[in-house]
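Numbering (this note's numbering), first residue to last: 199 to 488.
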């Protein structure tokens, strides 16, 4: 029982960052109908940016996290303006190819700039874990959990309680009607991609110091982000959040009770089952009208 509860603690910490990945991806697809294959590279960008600011420039670790999120937001806005805006109205296959190209370019740039050797980020947290009875968790992972929860809360507030969020939800429901009602669709698309990119960069910035940072880290992050969106249902912010925790639970149970080598496989087995019995996802929202 103690071992199971320890795995549950690990699941909550990992699931909170997975939820950030899933929310960002489902926002972009739900509103823009763009399959963002570069989402994992934005995750890696956030991790590398923390390394650059905290280790190479010597800035405070917490400031480095904030700068990484802002940088991810700006990079997302740039990608939307340079790559996606000229292709507005193109079919989904064309935009998929564009984003695959962006993914390849970003990954190779990371390897060219930082090399193939993995990087690590030192943090101000003590090495000694927090121990409560039979359970223990590192202070860094505890910080990652609460920081991710705070970002999820900010995302929900932005989508459900602000004028920008209302415009984004209107665009999701019916782009043409939203445009007729005065919504600047171009600005909403840029804001959507920027916010989704910022959330991916935030997940990378938080998890980068927990593990190691490498140019290939974006590959598995992309797969997991798509897995989360499939689990939760396209266009469902709540579904993406819950899907992140479901995927983390499957990975922890697979690693803890079968083999650590099956950590990733267990999550994708659940996805296959979901696709077989509920192809729209567990918490799919209704399709938009437009």
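Cβ atoms here follow ideal geometry from the backbone N, Cα and C, with glycine treated the same way.
Less than 8 Å between the CB atoms is what I'm expecting for residue 352 and residue 252, so what's the real figure, rounded? Within the chain shown, numbered from 1, the residue matching residue 352 stands at position 154. Within the chain shown, numbered from 1, the residue matching residue 252 stands at position 54. Residue 352 to residue 252, Cβ: 22 Å. No contact.
Under a three-way DSSP split, which group does residue 280 fall into? To locate residue 280, count along the chain shown from 1; it is residue 82. Here residue 280 sits in helix by DSSP.
Alpha carbon to alpha carbon, what distance is there between residue 416 and residue 444? Translated into positions along the chain shown, residue 444 becomes position 246. Translated into positions along the chain shown, residue 416 becomes position 218. Using only the alpha carbons, I get a separation of about 20 Å.
Smallest Cα separation from residue 419: which of 430, 399, 437, 436? As a first step, residue 419 is located in the chain shown; it is residue number 221 there, counting from the start. Closest option to residue 419, Cα to Cα, is 399.
Assuming contact is defined by CB atoms lying nearer than 9 Å, are residue 402 and residue 262 in contact in what I supplied? By one-based count along the chain shown, residue 402 stands at place 204. By one-based count along the chain shown, residue 262 stands at place 64. Not a contact, by the Cβ cut-off of 9 Å.
Kindly list the residues whose CB is nearer than 8 Å to the CB of residue 314, restricted to its own chain and excluding five residues on each side of it in sequence; keep chain order. The residue you call residue 314 lines up with position 116 of the chain shown. Hits under 8 Å: 412, 413.
My understanding is that residue 434 touches residue 224, with C-beta atoms under 8 Å, so please give their C-beta distance in whole angstroms. Within the chain shown, the letter at position 236 stands for residue 434. Within the chain shown, the letter at position 26 stands for residue 224. The pair is a contact, with the Cβ atoms about 7 Å apart (cut-off 8 Å).
One or two residues paired with residue 335 in a DSSP bridge: By 1-based counting over the chain shown, the position of residue 335 is 137. DSSP lists 328 as partners of residue 335.
Check whether residue 452 and residue 465 have beta carbons under 9 Å apart: Your numbering for residue 452 matches position 254 in the chain shown. Your numbering for residue 465 matches position 267 in the chain shown. Contact flag set, yes.
Between which residues of its own chain and residue 200 is the CB-CB distance below 6 Å, once the five residues before and five after are set aside? Along the chain shown, read from residue 1 onward, the residue named residue 200 stands at position 2. Excluding positions up to five away in sequence, the list reads 332.
Residue of 229, 222, 220, 217 minimising C-alpha distance to residue 368: Here the question's residue 368 lines up with position 170 in the chain shown. Considering only alpha carbons, the answer is 229.
Secondary structure of residue 456, DSSP reduced to three states: On the chain shown, position 258 is the one that residue 456 refers to. Residue 456: coil per DSSP, three-state reduction.
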